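Worksheet: one structure, shown below.
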Amino acid sequence: MNDRTKNRNSPLMTEVWAEELGKLIHSTHAPIWNASIGDRIEKEDFDFVQSFKKSLYHSKENQNYLDKNGAIQFLRKNQFHSSFFRTQLEGLSPDDDYASIPFTTREDLQTKITEIIPSDMDLTRMVVNPTSGTTGLPILAPNHPRAVGCYVPLIEWTVERYGVVPKHNPKSTFAIQLCYQEKTIVYATNHSLAGGAKFAKINLHPLAWKNPNDIEKFIKECSPQILTGDPYALEMAMKMGLDYKPEVIHSTALELTTSLRERLKKHFQCPVINFYSLNETGPIAYACQANPDWMHILPHDIYVEIVSNETGEVESTGNVGEIVVTGGRNPYLPLLRYKTGDRGELHYGVCTCGDHFPRLRLLSGRKPVYFTKPNEETVNPIDVARILRRNPHIYQFQVEQFTKRNFICRVSASSEFSELTYISGTSGSTTQGNTLQIQLQLELESLFGFGSEVQIDTKFQLDGKKQIAFINSYLERSEKTQ
C-alpha cells in the first residue's frame with residue numbers, strides 16, 4: 098500500500114483526510130498492512146445515517162424503544178417486499194397471532210437468503226461478510242454500507258454515556274481494533290461519518306509487524322480514543338504489557354467475564370464497555386453503567402423477545418430463554434423473530450443509570466475459548482476456523498482440546514472427505530486412510546505446534562441447534578482443580 102490514494106474508497110474523502118491517513122499508513126512504526134478498505138459511504142448513505150442518529154438520540158432521550166406494536170408495523174411493511182415474510186405470515190394475523198409467527202433460524206439465513214432479501218432491492222451496494230461466531234458453518238450475511246455506517250452513532254452514543262466525547266477530526270484516531278491471530282486483514286481508513294477521523298485494525302501477533310517493538314509505539318503515535326476488540330485480543334494486549342491508556346475500551350464478539358472486565362479496567366485505567374452485537378443483527382445491547390453485568394438494549398429499531406427453548410413460547414420478565422430479534426435497519430436482511438442462539442433474560446422498568454430501555458442479562462454467552470500448544474503458547478480459534486472454512490469438503494465442524502497435546506476435529510463433510518480409502522506405502526504396503534483427512538490433520542498439527550496430535554472424526558452429530566465450534570476441556574479441567 099505505497100499509494101495512499103488506494104484508500105480513497107469513500108466518495109466523501111477529502112485531500113486533508115487522505116494526507117492524515119497517509120501519515121498513519123507510512124509511519125515508521127506501522128504494521129505490515131495487507132488490505133485497503135473504505136466505508137463506501139455515499140451522500141445518500143451519509144444523510145440516512147444522520148437521520149438514524151437523530152432518531153436514535155431522540156428515542157433515547159424520550160425512552161421510546163420499539164415494542165411489539167412497532168415490530169408488527171415493521172413486519173407488515175416487509176411482507177409486501179419479502180417472499181420469506183409472506184410465507185412466514187401466511188394465514189396469520191400479526192396483531193392477534195404474533196406469538197405464533199414462525200421463527201427465523203440460522204439455517205434460514207443459510208438456505209433461504211434469496212427469499213428473505215426484499216425483491217425490489219438494488220443489489221449493487223451489497224456487502225457480504227461471513228460470520229465468525231461460535232458455529233461451524235458461517236452465515237453469509239448481506240449488508241449495506243449505510244447499515245454498517247449506523248454502527249458509528251450507536252458506538253458513539255455508548256461511549257458518550259461513559260463520558261467520552263468523540264472527536265470528528267481527520268487528525269484524530271477514533272478507534273483501533275485489536276486482534277491476535279496468525280493471519281487476518283490489517284488496514285487503516287478514514288470514517289466519513291466521523292468527520293474523517295481515522296480507524297485502524299491491527300494484529301498484535303509478532304508476525305504482523307516489521308518489528309514487534311513497534312506495536313506500542315504505533316498505538317501511542319495514533320493515540321486512539323477507543324481500543325476495541327474481543328476479550329481474547331484485549332487480554333493478550335494486557336498480558337503483553339501494553340502501556341497505553343485509551344479513554345474507553347469497547348469489548349465485543351465474545352462474552353466478557355466480570356473478572357476480565359475488572360482486570361482490563363485496572364490495567365488500562367479506563368471504563369470497559371461490554372458490547373453485544375451479531376453480524377446478522379448489528380448492535381443489540383451495551384453494558385449498563387450502574388450494573389455492568391446487565392446490558393441495555395441499544396438501538397431504537399429492534400424488538401427483543403425471550404422465548405422458551407422447550408415450548409417456543411415468549412417468556413415473562415425475569416425468565417431465561419433464547420434471545421429473539423425483530424427489526425433493524427439492514428435493507429438486505431430484515432429480521433423476523435430471528436433466533437440468535439444466545440440465552441438471557443429481559444427486564445423492563447426504570448434504571449438508575451438513566452437509560453430506561455429494557456435490560457438484558459446474557460447467560461453463558463459466547464465465551465472466548467483458547468487453545469494451547471504443547472509449549473504453552475496460545476492459539477486463537479479464529480486461525481483454526483480459517484483452515485477449516487477454506488476447506489471445500491467441510492460443512493460444519495467442532496474442535497476440542499482434551500489433553501495438553503491431543504485435539505479432536507469433528508466434521509460434517511463430503512463423502513469424498515469422509516470415506517476411507519486405501520493408501521499405498523513406500524514399501525508396497527497399503528493402509529486405510531484418506532488423503533484429504535491426512536492433509537487437514539497435518540495442517541492443524543502444524544498450527545497447534547510440535548508434539549500436537551489431531552484426530553479427525555467424520556461423524557459429527559448435527560441436531561439442528563447452534564453448535565459450539567471450539568471446546569477446551571483440558572483447560573476447563575485444569576481451572577477446576579486450581
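The opening residue of the sequence shown carries number 98 in my numbering; numbering runs sequentially from there. Note that CB positions come from ideal geometry on N, CA and C, so glycine has one too. As the structure is a prediction and not an experimental result, all values here were calculated from the model.
As assigned by DSSP and simplified to three states, the class of residue i
{"i": "residue 432", "result": "strand"}
{"i": "residue 594", "result": "Outside the modelled stretch of the chain, which goes from 98 to 579, sits residue 594, for which no answer is possible."}
{"i": "residue 453", "result": "coil"}
{"i": "residue 320", "result": "coil"}
{"i": "residue 364", "result": "helix"}
{"i": "residue 575", "result": "helix"}
{"i": "residue 274", "result": "strand"}
{"i": "residue 155", "result": "helix"}
{"i": "residue 146", "result": "helix"}
{"i": "residue 554", "result": "strand"}
{"i": "residue 583", "result": "Since the first and last residues shown for the chain are 98 and 579, residue 583 lies out of range."}
{"i": "residue 460", "result": "strand"}
{"i": "residue 417", "result": "coil"}
{"i": "residue 251", "result": "helix"}
{"i": "residue 236", "result": "coil"}
{"i": "residue 354", "result": "coil"}
{"i": "residue 340", "result": "coil"}
{"i": "residue 303", "result": "helix"}
With 16 other Cβ atoms within 10 Å as the buried cut-off, status of residue i
{"i": "residue 252", "result": "buried"}
{"i": "residue 48", "result": "This structure leaves residue 48 out entirely; the chain is present only between 98 and 579."}
{"i": "residue 426", "result": "buried"}
{"i": "residue 226", "result": "exposed"}
{"i": "residue 465", "result": "buried"}
{"i": "residue 123", "result": "exposed"}
{"i": "residue 365", "result": "buried"}
{"i": "residue 224", "result": "exposed"}
{"i": "residue 121", "result": "buried"}
{"i": "residue 373", "result": "buried"}
{"i": "residue 147", "result": "exposed"}
{"i": "residue 286", "result": "buried"}
{"i": "residue 415", "result": "exposed"}
{"i": "residue 536", "result": "exposed"}
{"i": "residue 491", "result": "buried"}
{"i": "residue 512", "result": "exposed"}
{"i": "residue 173", "result": "exposed"}
{"i": "residue 255", "result": "buried"}
{"i": "residue 509", "result": "buried"}
{"i": "residue 242", "result": "buried"}
{"i": "residue 288", "result": "buried"}
{"i": "residue 507", "result": "buried"}
{"i": "residue 189", "result": "exposed"}
Range covered by the beta strand (DSSP E) that runs through residue i
{"i": "residue 285", "result": "284-287"}
{"i": "residue 504", "result": "503-510"}
{"i": "residue 386", "result": "No beta strand (DSSP E) holds residue 386; DSSP gives it neither H nor E."}
{"i": "residue 470", "result": "First-last for residue 470: undefined, no H or E at that position."}
{"i": "residue 493", "result": "491-498"}
{"i": "residue 400", "result": "399-404"}
{"i": "residue 336", "result": "Note, residue 336: premise wrong, no beta strand (DSSP E); alpha helix (DSSP H) at 328-336."}
{"i": "residue 347", "result": "345-348"}
{"i": "residue 297", "result": "295-300"}
{"i": "residue 568", "result": "567-569"}
{"i": "residue 370", "result": "369-375"}
Residue span of the alpha helix (DSSP H) that contains residue i, given as start and end
{"i": "residue 536", "result": "532-545"}
{"i": "residue 121", "result": "112-122"}
{"i": "residue 393", "result": "Premise fails: residue 393 lies in the beta strand (DSSP E), 392-394, not in any alpha helix (DSSP H)."}
{"i": "residue 244", "result": "242-246"}
{"i": "residue 482", "result": "478-486"}
Cβ-heavy atom distance, residue i to the ligand GTP, below 7 Å
{"i": "residue 274", "result": "You won't find the ligand GTP in this model; it holds no ligand whatsoever."}
Residue-chain proximity (residue i, chain B), Cβ-Cβ < 8 Å
{"i": "residue 307", "result": "The structure shown has no chain B; it contains just one protein chain."}
At a cut of 8 Å, does the stretch 163-181 reach the stretch 309-318 through at least three beta carbon pairs? Counting Cβ pairs under 8 Å, fewer than three are found: no touch.
For the 8 Å Cβ check, are there 3 or more pairs between the stretch 368-378 and the stretch 427-442? yes
Count the C-beta pairs between the stretch 319-336 and the stretch 270-288 that are closer than 8 Å, then say yes if the count reaches three, no if not. Yes: at least three Cβ pairs fall under 8 Å.
Does the contact criterion of 3 or more C-beta pairs under 8 Å hold for the stretch 333-346 versus the stretch 313-322? yes
Give the list of continuous beta strand (DSSP E) stretches no shorter than 3 residues that lie fully inside the stretch 165-228. 224-227
Three CB pairs or more closer than 8 Å across the stretch 395-408 and the stretch 352-364: no
Do three or more CB pairs link the stretch 388-398 to the stretch 199-217 at distances below 8 Å? No, the stretch 388-398 does not touch the stretch 199-217.
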